[in-house]
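One structure is given here, and the rest of the page talks about it.
Residue numbers (the UniProt record's numbering), protein chains in the order written: chain E, 1 to 367; chain C, 1 to 233.
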């Protein structure tokens with residue numbers, strides 16, 4: 001029956017387009033912040049989505065063309081009595097998009113290709129593990145490793161000064177995906193999810209998934225080694241990437257976990273001692289990562305990194321306030337506290353950002 | 001060099017289509033100081049900003065005008081829909097489309113009213129899209145709506161190339177995206193209502209045409225980019 005098989009692919013298309021739109025929105029927002037904050041600093045072309053109107057339109061049309069190509073291949077497959085699995089068609093379309101991105105120097109296609117190749121691996125890993133009901137945590141770990149690999153490839157692309165936009169695309173995908181994974185697992189709801197994700201057969205029983213993770217890990221180490229040799233990565237950053245990769249990768253090998261106490265699921269959930277340990281690890285890792293992004297932005301003179309880190313810190317602190325204090329504070333105290341926290345956060349962020357940018361401007365070479 | 005001379009020279013170089021960086025390099029090589037170049041740019045930059053503001057204002061005004069005309073025409077048709085014969089309905093749509101295209105083209109190409117002309121051609125493309133769905137409904141054409149969006153995108157792209165209007169390229173993109181999103185939506189909807197989504201509800205010929213045309217037009221536009229720009233990615 002092809003019908004049921006096709007549903008995930010169709011959902012992927014419906015999800016991929018908003019994801020891509022979100023990516024371009026993020027890029028535009030970063031560019032906007034850059035433009036607003038960097039008075040006096042020459043504008044950086046790689047923070048813009050396109051070099052010109054012609055560039056933007058041609059890139060968008062190429063992206064549409066490759067998206068239509070995916071649907072056309074599916075439709076052709078239907079004519080040929082479902083010769084291929086839909087995952088295979090997704091892989092072919094993704095590889096075509098990535099090849100097109102590098103041939104046509106098209107950043108939109110690169111973004112589309114990265115999203116679709118990640119989705120291909122996710123669905124394929126799900127298919128590999130389906131028969132023996134493998135613990136889904138291994139698939140999440142794979143996504144995390146892919147994100148880390150993208151980040152490392154982004155740093156490697158910085159070797160070519162003309163490929164800065166490609167580098168930024170890899171970096172944004174890697175940073176945002178890894179941060180989102182850490183963020184989800186740092187919340188009570190995420191830990192409840194992690195408990196369910198670890199429930200199933202161990203990864204060692206699915207050699208394809210295990211081999212994939214191994215390949216991702218080797219690729220990350222190789223890319224990091226090259227980045228170190230070419231002096232494209234800071235020592236602290238290198239350590240951070242390795243820690244995040246190890247932390248997310250380790251999820252794949254976890255045995256079944258009990259992270260939430262008995263029947264305390266939902267709003268009244270209470271964590272077990274193992275749950276508290278994992279919550280502490282993910283929260284510390286997330287906070288360290290976000291602070292690291294801000295400092296890296298400062299060290300690299302990259303305002304977009306400072307803005308991204310500051311935004312992440314804002315979301316982190318605010319959600320933690322809700323996560324930790326909503327149930328045991330009086331509601332009026334809770335909201336007054338939230339208001340004060342927001343005000344102080346905003347003030348602190350503006351002050352810190354202004355100071356950093358002022359220092360960067362002062363240290364920038366004068367024309 | 002005197003300030004007035006530098007400004008005139010900058011105006012001349014800008015008119016030749018030289019970029020700001022190139023002008024800086026040329027003038028610096030001629031021994032003009034950085035401060036003089038910067039002050040020389042002030043006049044032309046202000047003029048360009050004024051021109052841009054004016055063009056933007058015209059575009060906004062004619063854009064709103066076109067939308068109001070479209071809303072008026074559509075509300076008139078909707079109010080009298082039952083009294084209009086089938087031939088009349090098709091005739092109305094065809095007339096709206098050809099008139100908008102024709103007058104827009106005349107304004108743009110013969111009278112030099114580029115923005116007003118493009119706005120009317122844009123209106124024509126909207127009428128063309130409306131026409132596709134209207135004809136499908138009137139004659140009970142058994143195709144799914146994403147096919148209509150592909151047809152609309154194809155027609156809009158061809159018109160965009162013919163009249164060289166970026167406004168139409170921008171219109172074609174969300175229409176194409178609607179076709180792409182519409183396809184899985186129908187499949188999921190069918191799955192929930194009947195337990196099976198059935199076959200992919202899109203014409204293979206239209207899909208191949210969509211791939212070929214979007215790629216070709218993308219390629220044609222890419223060729224217009226300066227070689228220097230293509231090297232930065």
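Backbone N, C-alpha and C define an ideal beta-carbon position, used for all residues, glycine too.
| Check | Outcome |
| --- | --- |
| CB contact check: residue 94 of chain E to chain C, cutoff 7 Å | no |
| Outcome for residue 347 of chain E when other beta-carbon atoms lying within 10 angstroms are tallied against a minimum of 16 | exposed |
| Beta-ladder partner(s) of residue 201 of chain E, from DSSP | E:134 |
| Those residues which DSSP pairs with residue 271 of chain E across a bridge | E:260 |
| Cβ-based neighbour list, residue 89 of chain E, same chain, cut-off 8 Å, excluding 5 preceding and 5 following | 9, 70, 73, 74, 77 |
| Contact under 7 Å by Cβ, residue 137 of chain E with residue 209 of chain E | no |
| Residue 36 of chain C versus residue 9 of chain C: straight-line alpha-carbon distance, rounded | 12 Å |
| Chain E contacts made by the stretch 201 to 225 of chain C, where a contact means CB separation under 7 Å | 202, 204, 207, 208, 210, 211, 214, 215, 217, 218, 221, 222, 224, 225 |
| At least three beta-carbon pairs within less than 8 Å, the stretch 204 to 215 of chain C to the stretch 150 to 161 of chain C | yes |
| Straight-line gap, residue 150 of chain E to residue 141 of chain E (C-alpha atoms, nearest Å) | 14 Å |
| Spatially closest choice to residue 122 of chain C from C:225, C:12, C:158, C:233, by CA coordinates | C:158 |
| Short Cβ contact (7 Å threshold) for residue 165 of chain E with residue 233 of chain C | yes |
| Element boundaries [alpha helix (DSSP H), containing residue 221 of chain C] | 204 to 224 |
| Nonlocal neighbours in the same chain, by C-beta distance under 7 Å from residue 56 of chain E, ignoring five residues either side | 49, 50 |
| Reduced DSSP category for residue 41 of chain E - H, G, I as helix; E, B as strand; rest coil | Reliability of the predicted coordinates at residue 41 of chain E is poor, the pLDDT of 33 falling under 50, and the value obtained from them is presented with this limitation in mind. DSSP places residue 41 of chain E in coil when its eight states are reduced to three. |
| Alpha carbon of residue 67 of chain C to alpha carbon of residue 197 of chain E, nearest angstrom | 52 Å |
| DSSP-derived helix/strand/coil call for residue 323 of chain E | helix |
| Contacting positions in the stretch 165 to 180 of chain C - beta carbon closer than 7 Å to chain E | 166, 169, 173, 176, 177, 180 |
| Whole runs of the alpha helix (DSSP H) within the stretch 103 to 165 of chain C, excluding any shorter than 4 residues | 114 to 138, 145 to 163 |
| Alpha-carbon to alpha-carbon, residue 343 of chain E and residue 68 of chain E | 47 Å |
| Option in E:236, E:147, E:286 with minimal Cα separation from residue 173 of chain E | E:147 |
| Given 8 Å, three or more beta-carbon pairs between the stretch 294 to 311 of chain E and the stretch 349 to 358 of chain E | yes |
| As assigned by DSSP and simplified to three states, the class of residue 351 of chain E | helix |
| Cβ neighbour criterion (16 or more within 10 Å) applied to residue 164 of chain C | exposed |
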